[in-house]
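Presented below is the structure to which this report refers.
Number of protein chains: 2
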Amino acid sequence: MSALISEKQLLQALQWRYATKTFDPNRKLPVATWTVLQEALALSASSYGLQPYQFIVVNNPATRAKLLPHSWNQRQVVDASHFIIFAARTTMTDVEIDTFIGRIATVRGTTKESLAGYRQMMAGGLLSEAGKVRAPQWAARQTYIALGNLLTSAALLGVDACPMEGFVPVEFDKILGLPAQGFTAVVCCALGYRSADDKYATAPKVRFPTHELIRTV
Amino acid sequence: MSALISEKQLLQALQWRYATKTFDPNRKLPVATWTVLQEALALSASSYGLQPYQFIVVNNPATRAKLLPHSWNQRQVVDASHFIIFAARTTMTDVEIDTFIGRIATVRGTTKESLAGYRQMMAGGLLSEAGKVRAPQWAARQTYIALGNLLTSAALLGVDACPMEGFVPVEFDKILGLPAQGFTAVVCCALGYRSADDKYATAPKVRFPTHELIRTV
């Protein structure tokens, strides 16, 4: 495939994006845009392809209001067009692996038996004693790939975003009933459009110099 | 900013990308493309903006060969045009926070004193006893935002990629001398161009149905 965008356009999008502090509460994402951003989330890469997460989109204003005090009253939670909670699985068992193997068999029109080697590889990595200890962190990390993908995808579509770690996971979990489903809130992302008076929009972007950040050996 | 790409083009790029198993060892990224992908890495979002990571680009074929046996002999390590190791800080101290505060002051032309509140917020989150325990995982997660951004950015430029967790971090750390610098290898990404005979390129993409993955409340 040839490039769908020029190098210059990619840079433009990445320089344009910033962690939006103040959203315009009156502007909502067009349906077509939100539909594709959902597809983008679903198409994110994940370890083994296992997608050990769920994305909770909170549209109900009353639920958003309940989340607000547990996110240091950051107004993005209630003002943004869309508010997404990235929830990771807290344990991995045979069930999740077998469900995934079943899904591969369905999508690729093959048998579960032919996937025995792949199943064994995943089970070896995730269901060993060491694997079980690592599982929650492993799952949490995968949600951040989806977050990185979403931030870049949104910027390219001209949508503002704010990634948010500043919230109390145990309170979010309670409000959303996540533990009963085997998930826990890891990170959030507000999506929408910046308010005209968000002073952070024009602040110079602070990054370490590329030569300090990237080392070539 | 208006969209730089259509919804359809974004979907096309995300559906085109896959975890490339076999790279064409003879095709290298053009300099302009690699330059912008480095900029993309540097422009990734991170918690507080602290960028608690370093990206190690391994160009030396002898070093790549040393990494190979510690990555289950996955040929992407040696065949891809570029091989990047995402290394996260293993501890956070006053030094890193003060260096960052200094950087903000320089870039935004302000004083360190005016950033005292922001400094205190970061120190509260990262230098408390609980924060110190969380720091390595917190830093590791940030590298995955950069990974997600890189995968999407590469796809838009028509560059193939393979994210890789299948390696032995302690061996990579030794080979690259990371512990002495306060970093540890977390995840890798190979970049380049798919080989014409990579059968995975045409395998249908396996994802859980969007309605199972995304829950709207």
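Chains as they are written, first to last, in our numbering: chain L, -10 to 206; chain P, -10 to 206.
Backbone N, C-alpha and C define an ideal beta-carbon position, used for all residues, glycine too.
query: Backbone secondary structure at residue 125 of chain P - three-state DSSP; result: helix
query: C-beta neighbour in chain L for residue 27 of chain P, strict 8 Å; result: yes
query: Euclidean distance between Cα positions of residue 105 of chain L and residue 78 of chain L; result: 23 Å
query: The segment 30 to 50 of chain L in contact with the segment 186 to 205 of chain P per 3-pair CB rule at 8 Å; result: yes
query: Host alpha helix (DSSP H) of residue 165 of chain P (start-end); result: 158 to 165
query: Beta strand (DSSP E) runs wholly inside the segment 49 to 111 of chain P, at least 3 long, in chain order; result: 71 to 78
query: CB contact check: residue 47 of chain L to chain P, cutoff 8 Å; result: yes
query: 7 Å Cβ shell around residue 161 of chain L - same chain, five flanking residues per side excluded; result: 56, 59, 74 and 174
query: At least 3 beta-carbon pairs within less than 8 Å: the segment 108 to 122 of chain L vs the segment 140 to 152 of chain L; result: no
query: Among L:93, L:177 and L:8, the one whose alpha carbon lies nearest that of residue 184 of chain L; result: L:8
query: Interface residues of the segment 121 to 136 of chain L facing chain P [CB-CB below 9 Å]; result: 126, 127, 129, 130, 131, 132, 133, 134, 135 and 136
query: Members of the segment 89 to 111 of chain L that neighbour chain P once the beta carbon cut-off is set at 7 Å; result: 92, 93, 96 and 97
query: Which of helix, strand or coil DSSP assigns to residue 139 of chain L; result: helix
query: Contact with chain P by residue 138 of chain L, beta-carbon distance below 8 Å; result: yes
query: Alpha-carbon to alpha-carbon, residue 53 of chain P and residue 156 of chain P; result: 13 Å
query: Of the residues L:189, L:195, L:187 and L:182, the one placed nearest residue 207 of chain P, counting alpha carbons only; result: This structure gives no information on residue 207 of chain P, because the portion of chain P shown stretches from -10 to 206.
query: Selection from P:36, P:93, P:72 and P:139 that minimises the alpha carbon distance to residue 195 of chain L; result: P:93
query: Residue 68 of chain P classed as buried or exposed, judged by whether at least 16 other C-beta atoms fall within 10 angstroms; result: buried
query: Interfacial residues, the segment -10 to 5 of chain L to chain P, with Cβ spacing under 7 Å; result: -10, -9, -8, -7, -6, -4, -2, -1, 0, 1, 2, 3, 4 and 5
query: Distance between residue 176 of chain P and residue 35 of chain L (C-alpha atoms, nearest Å); result: 12 Å
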